[in-house]
Amino acid sequence: MARTDNGTNSNHPANFSGNESVPPLLGIDYQLYFSIIQIINIAMMVPSIAFFVCITAIIFGEASLRENSRYVLFSNLLTCDTCFLTSSVIITSLIWQHQRYGLAACYTYVIISSTLNHCGVLCVTLMSFERYVAVCHPLHHAAWFNRRATALSLAAIWALASVCQVVRGGVVLAGTAAGAAEPPLNVTSSCSTYVIDAAMPNADVLVTLRELPNAVFFTACAVTQTFAYVRIVAAARRAAATASDRASNARRATNTVALHAVQLFLYLCALSNTLLLMLFTLVTSDARVIGVLRINAYLVIFFGSRFVAPLVYGLRDKELRRHFRKRVACRYFAASTGKVDAASN
Numbered sequence: 029m030a031r032t033d034n035g036t037n038s039n040h041p042a043n044f045s046g047n048e049s050v051p052p053l054l055g056i057d058y059q060l061y062f063s064i065i066q067i068i069n070i071a072m073m074v075p076s077i078a079f080f081v082c083i084t085a086i087i088f089g090e091a092s093l094r095e096n097s098r099y100v101l102f103s104n105l106l107t108c109d110t111c112f113l114t115s116s117v118i119i120t121s122l123i124w125q126h127q128r129y130g131l132a133a134c135y136t137y138v139i140i141s142s143t144l145n146h147c148g149v150l151c152v153t154l155m156s157f158e159r160y161v162a163v164c165h166p167l168h169h170a171a172w173f174n175r176r177a178t179a180l181s182l183a184a185i186w187a188l189a190s191v192c193q194v195v196r197g198g199v200v201l202a203g204t205a206a207g208a209a210e211p212p213l214n215v216t217s218s219c220s221t222y223v224i225d226a227a228m229p230n231a232d233v234l235v236t237l238r239e240l241p242n243a244v245f246f247t248a249c250a251v252t253q254t255f256a257y258v259r260i261v262a263a264a265r266r267a268a269a270t271a272s273d274r275a276s277n278a279r280r281a282t283n284t285v286a287l288h289a290v291q292l293f294l295y296l297c298a299l300s301n302t303l304l305l306m307l308f309t310l311v312t313s314d315a316r317v318i319g320v321l322r323i324n325a326y327l328v329i330f331f332g333s334r335f336v337a338p339l340v341y342g343l344r345d346k347e348l349r350r351h352f353r354k355r356v357a358c359r360y361f362a363a364s365t366g367k368v369d370a371a372s373n
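In the numbering used here, the protein residues as written are 29 to 373.
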């Protein structure tokens, strides 16, 4: 089984076409196992889309929320995560249906998924910094995170997340135009970019463009996250020590810090797939076992990080819960009133 990578996601199930003729592992048929994974993918995507639609409607339907930088950043994160999950399920579904597609389609998906994943990492880091400013420098928060500053920050995030990926796609296009043979269909059909990159005349450039953003983002985001939340926890402890009535706020801040740490840890793990693959090869040399480990790692890292976000910013947020209950109550009241009017007529 070939080593594969979709830019930042070498554990993606799309990298295992399910067409390979391999013996069962521990009595489990590979095709059946991949089918179960695909069902899990779809089952996890559906509530994510529903949550995205619901929360986005609430945020942009309430002036107090859409003017708040915290919720604008959250809606951007939800957009990245939902689009990432949807594109992942679509490409995996095509592979499970044994659909064939060429280099252009494969690398288009690579660019999109890599950009969305990097954008999510940067957005979580920016949200962490926003909470740091709100807690530790409240007098500067209104100036640093007004509407214009937030819009510029999001534009910078999307630019940083996409620039290397667009250049990477251009390098592949240039290599193809230079006369390099397009990889065979059994390679591109599973989006095996390790193999595709190796087949290009400018393979070293492609590897650099693939790994350099991961290393830079991993380091920068880890340092920023650590700094922000060490300061937030310290501020929360000081508040709890000096004012007993703020002790509950300090506990909530500490809980939020823990959830943020888990979320960013999963995001950053997504940028270290090469390291994960090295660890898996140290554990076993069986390609089938490594394949199963990589798919399970994909479910935990890529889907897990995208389920922590609603927990941190959505379900635990009092304002979002209040507006959600208000909208549900209004819909229920309108439906009940309509039924009464229909009955009276």
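All C-beta atoms, glycine included, are put in the ideal place defined by N, C-alpha and C.
For clarity, every value in this text was computed on a predicted model and none was experimentally measured.
- The stretch 59 to 76 and the stretch 150 to 166 do not touch, with fewer than three beta-carbon pairs separated by less than 8 Å.
- Annotation: the continuous alpha helix (DSSP H) that includes Leu-154 extends over 131 to 164.
- If you compare the alpha carbons of Tyr-326, Thr-247, Arg-238 and Gly-89 with that of Leu-304, the shortest gap goes to Tyr-326.
- In the three-state reduction of the DSSP assignment, Thr-120 falls in the helix class.
- Of all C-beta pairs linking the stretch 252 to 270 to the stretch 305 to 320, fewer than three are shorter than 8 Å, placing the two stretches out of contact.
- Looking at the backbone, the Cα of Ala-71 and that of Val-195 are separated by about 34 Å.
- Measuring C-alpha to C-alpha distances from Phe-245 to each of Ala-189, Ser-92 and Thr-110 identifies Ala-189 as the nearest.
- Assigned with DSSP and collapsed to three states, Asn-96 falls in coil, not helix or strand.
- In this structure the stretch 102 to 113 lies against the stretch 141 to 148, because at least three pairs of beta carbons, one per stretch, are closer than 8 Å.
- At a Cβ-Cβ threshold of 9 Å, Cys-151 and Leu-182 count as neighbours.
- In the same chain as Tyr-99, and ignoring 5 residues on each side of it, the C-beta atoms closer than 6 Å to its own belong to Ile-87 and Leu-93, in chain order.
- Taken atom to atom, the span from the alpha-carbon of Arg-176 to that of Leu-201 is near 36 Å.
- In this structure, Gln-193 sits near Pro-241, with a CB-CB distance shorter than 9 Å.
- Using a 10 angstroms sphere on the CB of Thr-254, the tally of other CB atoms stays under 16, which defines it as exposed.
- With fewer than 16 other beta carbons inside 10 angstroms of its own, Val-311 counts as exposed.
- In chain order, Ser-97, Glu-158 and Val-161 place their CB closer than 7 Å to the CB of Phe-173, counting only its own chain and leaving out the 5 sequence neighbours on each side.
- For Thr-114, the secondary structure class from DSSP, reduced to helix, strand or coil, is helix.
- Residue environment analysis places His-351 among the buried positions, since at least 16 neighbouring C-beta atoms fall within 10 angstroms of its C-beta.
- In terms of Cβ geometry, Ser-103 and Thr-84 form a close pair [threshold 9 Å].
- Taking the Cα positions, Gln-66 is about 29 Å away from Trp-186.
- With a cutoff of 9 Å on beta-carbon distance, Leu-294 and Cys-249 are scored as not near each other.
- Of the other Cβ atoms in all chains shown, 16 or more fall within 10 Å of the Cβ of Ile-260; this residue is therefore buried.
- The C-beta distance from Val-199 to Leu-234 rounds to 6 Å, short enough to meet the 8 Å contact threshold.
- Ser-190 carries a helical assignment under DSSP once its states are collapsed to helix, strand and coil.
- For the pair Glu-347 and Cys-134, the Cα-to-Cα distance works out to about 41 Å.
- By alpha-carbon distance to Glu-95, the top candidate from Asp-232, Ala-170 and Gly-197 is Ala-170.
- Excluding sequence positions up to five before and after Leu-321, its CB lies within less than 7 Å of the CB of Phe-308, all in the same chain and listed in chain order.
- In this structure, the straight-line span from the alpha carbon of Thr-107 to that of Ala-315 is close to 35 Å.
- Sixteen is the threshold: when 16 or more other Cβ atoms of the shown chains lie within 10 Å of the Cβ of Ser-333, as they do, the residue is buried.
- Nearest in C-alpha terms to Thr-247, of all of Tyr-257, Leu-296 and Arg-238, is Leu-296.
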